[in-house]
Amino acid sequence: MESHLNDRRLNQSWWALKLAFGVVPIVAGLDKFFNLLTDWEQYLSPLVSRVLPASTFMHAVGIIEVAAGLLVLSKLTRVGAYVVSAWLVGIALNLLTTGKYFDIAVRDLVMAVGAFTLARLSEARAPASARERPRAEALRPARSHA
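So the sequence shown is numbered by my numbering: it starts at 227 and just counts up by one.
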């Protein structure tokens with residue numbers, strides 16, 4: 227089975243997902259400060275707007291998105307991919323509470339599945355020793371310091 231995990235097609239798929247879920251959140255996050263791609267505040271739920279000023283909230287969102295994208299591009303791809311996946315589900319929920327943008331909410335849920343897939347592929351790509359370490363450590367008897 228290990229040879230399947232090193233399959234060239236799986237490796238190419240992993241890299242495609244890693245780059246997509248690394249670069250896109252960074253670009254979208256930076257754009258929360260410039261609004262060149264779109265006016266991001268139009269997608270903000272009225273529920274959120276009542277709690278925080280929209281621009282402040284969008285700047286915080288931008289920082290989180292950039293951080294998540296950097297995590298995906300780093301050696302912490304698995305962790306970053308789970309963050310991106312959860313974040314996309316949160317964005318979809320926000321969009322649903324606007325009463326519009328249902329099509330974008332569905333797209334974001336599909337992208338969340340893609341980010342989740344990247345996280346799972348990252349787990350499968352981890353060296354066998356790293357995957358087995360927590361189990362092996364749990365089975366090791368505790369040392370007595372007596």
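Backbone N, C-alpha and C fix where the C-beta goes; we use that ideal spot for every residue, glycine too.
Simplified DSSP assignment, three categories, for threonine 323: Threonine 323 carries a coil assignment under DSSP once its states are collapsed to helix, strand and coil.
Complete alpha helix (DSSP H) runs within the segment 268-308 (minimum length 4 residues, chain order): The segment 268-308 contains these whole alpha helix (DSSP H) runs: 272-275, 280-299.
CB contact flag (leucine 245, glycine 340, <8 angstroms): Judged by their CB atoms, leucine 245 and glycine 340 are not nearer to each other than the 8 angstroms cut-off.
Buried/exposed call for valine 310, threshold 16 Cβ in 10 Å: Classification of valine 310: buried, given that the 10 Å Cβ count is 16 or more.
Inter-residue spacing [alpha-carbon to alpha-carbon] between valine 169 and proline 272: No information on residue 169 is available, as it lies outside the stretch 227 to 372 that the chain covers here.
Same chain, Cβ closer than 6 angstroms to alanine 372, five either side skipped, listed in chain order: Low confidence applies here, because alanine 372 scores a pLDDT of 49, under 50, leaving its location unreliable and the question unanswered by this model.
Of the residues Gly316, Trp240, Arg234, the one placed nearest threonine 343, counting alpha carbons only: The option with the nearest alpha carbon to threonine 343 is Trp240.
Cβ-Cβ distance between glycine 295 and isoleucine 252 below 8 angstroms: Yes; because the gap between Cβ atoms is below 8 angstroms, this pair is in contact.
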